[in-house]
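Engineer: Please see the structure below; I have some questions.
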Amino acid sequence: MNDKTQYDACCAVVVDDEPLPRAHLIHLLREAGVGEVRPADSAATCLSFFDGEDDRPDWVFLDVRMPGMDGLMLADALGAGQIAAAGQEPQEPPAIVFVTGYEDYALPAFERAAVDYLLKPVERERLAVTLQRLAERRGPPAPPVLPVPTLQRLPIRMEYAVRLVDVADIVAASAGNKRVEVITRDATYTTYYTLAQLEQRLPADHFARVHDGWIVSLAEIIEIHNLGGQSYQLRLRTGDRLVPVSRRRLPLLQQRLGL
């Protein structure tokens, strides 16, 4: 399969307030065969592409230094998984690639689960490597390389430290207000993880993704409420929380709970 068909079904947005580097990268992406490439001169323009339920970009190539909301802030907003049309469920965030003239943003970029970090001016050969990584990310998830022991504690990066949270104490994780939170019996922690990353790290036999914006501990579920039609809500033991359940995730949850 050649490059021009490999990326033909993909949609990318290039976010850069400077016209020349933006146009250069757009040219390279179209030359490589990316099906649709949209320009954005600001974070606000980029976010507008995520207002609707359909035709949302798969990939965001993102400059760091921009007026107003900078690239790191925009990545946080996109990575929270809460960019959704009114009345629609949140969807998985797009893949992020940072494109900047500065090397010193690499650490905060990868803390936001960036797929890659490109330095300006972007070279055709280097971009080809990035596109291959993005294409692999769109494919089916790779099987685990080695069996690993059940995670006992989840590391959560804080401002000046890393807190190790006992997995047994985790009640739920939620995405909202441009951030992802891990909720325990005693505290709530804001984290750089995406919900997809937490879903991979937390023990699958104890936790369930019940909504695009929620992961819950199965042991914490005490009630399931039918709100009418196909709308359901969970009541959790700790904090008496109410959690929405998406229609497409309900059958698997019912199966896991023996319903």
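Quick note: the sequence shown uses our numbering, first residue 6, plus one each step.
We treat Cβ as the ideally placed atom computed from N, Cα and C, and that holds for glycine.
Treat the numbers as computed from the prediction; the structure is a model and nothing was measured.
Have a look at Arg158, Tyr237, Arg168 and flag the residue whose alpha-carbon is nearest the alpha-carbon of leucine 207.
Structural biologist: Nearest of Arg158, Tyr237, Arg168 to leucine 207, Cα basis: Arg158.
Engineer: Could you spell out the range, first to last residue, of the alpha helix (DSSP H) harbouring glutamate 116?
Structural biologist: Counting along the chain, the alpha helix (DSSP H) containing glutamate 116 begins and ends at 111–116.
Engineer: Go through the segment 10–62 residue by residue and report every complete run of the alpha helix (DSSP H) that reaches 4 residues or more, in order.
Structural biologist: The qualifying runs are 24–36, 48–53.
Engineer: What is the rounded straight-line gap between the Cα of proline 126 and the Cα of aspartate 22?
Structural biologist: Using only the alpha carbons, I get a separation of about 15 Å.
Engineer: Kindly indicate which residue of Ala80, Ser236, Thr50 has the alpha-carbon position closest to the one of valine 185.
Structural biologist: The shortest Cα separation from valine 185 among Ala80, Ser236, Thr50 belongs to Ala80.
Engineer: Which residues bound the beta strand (DSSP E) around leucine 264?
Structural biologist: Element bounds for leucine 264: n/a, residue is neither H nor E.
Engineer: Measure the alpha-carbon distance for isoleucine 175 versus proline 72 and round it to whole angstroms.
Structural biologist: One C-alpha to the other measures close to 38 Å.
Engineer: Check the DSSP bridge columns for leucine 67 and list the partner residues they point to.
Structural biologist: Paired residues: Val20, Phe103.
Engineer: In chain order, what residues of the same chain have a beta carbon less than 7 Å from the beta carbon of proline 24, not counting five sequence neighbours either side?
Structural biologist: For proline 24, where only same-chain residues beyond five positions count, there are no Cβ hits under 7 Å.
Engineer: Between arginine 129 and the rest of its own chain, which residues show a CB-CB distance below 7 Å, the 5 nearest in sequence each way excluded?
Structural biologist: Same-chain partners within the cutoff: Leu33.
Engineer: Going along the chain, which residues of its own chain have a beta-carbon closer than 7 Å to the beta-carbon of tyrosine 12, five neighbours each way excluded?
Structural biologist: These residues qualify, in order along the chain: Ala37, Gly38, Val39, Gly40, Leu136, Ala140.
Engineer: Locate the alpha helix (DSSP H) running through aspartate 174, then write down its first and last residues.
Structural biologist: No alpha helix (DSSP H) holds aspartate 174; DSSP gives it neither H nor E.
Engineer: May I ask you to list the residues that DSSP assigns as paired with asparagine 231?
Structural biologist: Answer is Tyr237, bridged to asparagine 231.
Engineer: What runs of the beta strand (DSSP E), each 3 residues or longer, lie entirely inside the segment 114–141?
Structural biologist: Runs of the beta strand (DSSP E) inside the segment 114–141: 121–124.
Engineer: Leaving out the 5 sequence neighbours to the left and right, which residues in its chain are closer than 8 Å to alanine 192 when beta-carbon positions are compared?
Structural biologist: Once the five neighbours on either side are set aside, alanine 192 has no close Cβ partner at all.
Engineer: Can you check whether the CB of proline 249 is closer than 8 Å to the CB of glutamine 238?
Structural biologist: Yes, the pair counts as a contact, with Cβ atoms nearer than the cut-off.
Engineer: If I measure Cβ to Cβ from isoleucine 258 and keep anything under 7 Å in the same chain, skipping five residues before and after, which residues do I get?
Structural biologist: Before going on, a small fix: residue 258 reads as leucine here, not isoleucine. The residues are Ala213, Val215, Val250.
Engineer: The beta strand (DSSP E) spanning arginine 206 covers which residue range?
Structural biologist: First-last for arginine 206: 200–206, but that is the alpha helix (DSSP H), not the beta strand (DSSP E).
Engineer: Are at least three pairs of beta-carbons, each pair with one atom in the segment 161–171 and one in the segment 101–109, less than 8 Å apart?
Structural biologist: With the cut-off at 8 Å, the segment 161–171 and the segment 101–109 do not touch.
Engineer: Using 8 Å for Cβ pairs, my map puts proline 98 next to threonine 199. What's the rounded Cβ distance?
Structural biologist: Yes, proline 98 and threonine 199 are in contact; Cβ-Cβ is about 6 Å, under 8 Å.
Engineer: At a threshold of 7 Å, does lysine 183 count as lining the ligand ADP (C-beta to nearest heavy atom)?
Structural biologist: Summarising the ligand content, the structure contains no ligands, and the ligand ADP is consequently not present.
Engineer: Is alanine 209 helix, strand or coil by DSSP?
Structural biologist: If DSSP states are grouped into helix, strand and coil, alanine 209 belongs with coil.
Engineer: In chain order, what residues of the same chain lie with their CB nearer than 8 Å to the CB of histidine 211, ignoring the 5 residues before and after it?
Structural biologist: Cβ within range, chain order: Val172, Ser222, Leu223, Ala224.
Engineer: For proline 256, does the three-state DSSP call read helix, strand or coil?
Structural biologist: Of the three classes helix, strand and coil, the one that applies to proline 256 here is helix, per DSSP.
Engineer: Going along the chain, which residues of its own chain have a beta-carbon closer than 6 Å to the beta-carbon of cysteine 16, five neighbours each way excluded?
Structural biologist: Glu41, Pro62, Asp63.
Engineer: Buried or exposed: which applies to alanine 114, given that a residue is buried once 16 or more other Cβ atoms fall within 10 Å of its Cβ?
Structural biologist: Buried is the call here.
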